[in-house]
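Asker:
Residue numbers (the working numbering): 112 to 222.
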């Protein structure tokens, strides 16, 4: 009988390694959850539309915001009105276990 990939030891070893990596990731997430969301403020330096992919073919607004500590971040602006440079904004920071935190603009003209 010919050996197929589904009954070989190499295939079983590969599945075992993938399962161990997945289990380690789950254990890491349980033991080290991301920090809770928090709010900060900043000033818009620039803003504009960003094309979104998908069936809708729409755009969303993204803003470059200088935070109170001097850091410049890109924030998702899901607001009805367009933003302009100099607008004060309140941001929600959503930390992540893997990668950079996500910034979302909650309100404008926070002076």
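Glycine included, every Cβ here is placed at the ideal spot set by N, Cα and C. Note that the structure is a prediction, hence the values are computed from the model and not measured.
Residue 153: buried (16+ other C-beta within 10 angstroms of its C-beta) or exposed?
Answerer: Stepping through the chain shown from its first residue, residue 153 is reached at position 42. Residue 153 should be labelled buried.
Asker: Beta carbon of residue 190, beta carbon of residue 150: below 8 Å?
Answerer: Looking up residue 190 in the chain shown gives position 79. Looking up residue 150 in the chain shown gives position 39. No, Cβ-Cβ distance for residue 190 and residue 150 is not below 8 Å.
Asker: In chain order, what are the residue ranges of uninterrupted alpha helix (DSSP H) at least 4 long that sit wholly in the stretch 127-192?
Answerer: Segments of the alpha helix (DSSP H) lying fully in the stretch 127-192: there are none.
Asker: Whole-angstrom Cβ separation of residue 187 and residue 216, contact assumed at under 8 Å?
Answerer: For this step, residue 187 is matched to residue 76 along the chain shown. For this step, residue 216 is matched to residue 105 along the chain shown. The pair is a contact, with the Cβ atoms about 7 Å apart (cut-off 8 Å).
Asker: For the putative contact between residue 194 and residue 218, defined by C-beta atoms under 8 Å, what is the C-beta separation to the nearest angstrom?
Answerer: On the chain shown, position 83 is the one that residue 194 refers to. On the chain shown, position 107 is the one that residue 218 refers to. Residue 194 to residue 218, Cβ: 11 Å. No contact.
Asker: From which residue to which residue does the beta strand (DSSP E) around residue 201 run?
Answerer: As a position in the chain shown, residue 201 is number 90, starting the count at 1. 199-205 is the extent of the beta strand (DSSP E) around residue 201.
Asker: Closest to residue 198 by CA distance: which of 155, 210, 121, 136 is it?
Answerer: On the chain shown, position 87 is the one that residue 198 refers to. Taking only the C-alpha atoms, the option nearest residue 198 is 155.
Asker: For residue 174, does the count of other Cβ atoms within 10 angstroms reach 16, so buried, or fall short, so exposed?
Answerer: If you number the chain shown from 1, residue 174 lands on position 63. So residue 174 ends up on the buried side.
Asker: Checking the sheet assignment: what are the DSSP bridge partners for residue 214?
Answerer: Residue numbering aside, residue 214 sits at position 103 when the chain shown is read from its first letter. DSSP, once it has assigned bridges, lists 204 as partnering residue 214.
Asker: Just the C-alpha distance for residue 181 and residue 129, rounded to the nearest angstrom, thanks.
Answerer: Numbered from its first residue, the chain shown carries residue 181 at position 70. Numbered from its first residue, the chain shown carries residue 129 at position 18. In a straight line, the C-alpha of residue 181 is about 42 Å away from that of residue 129.
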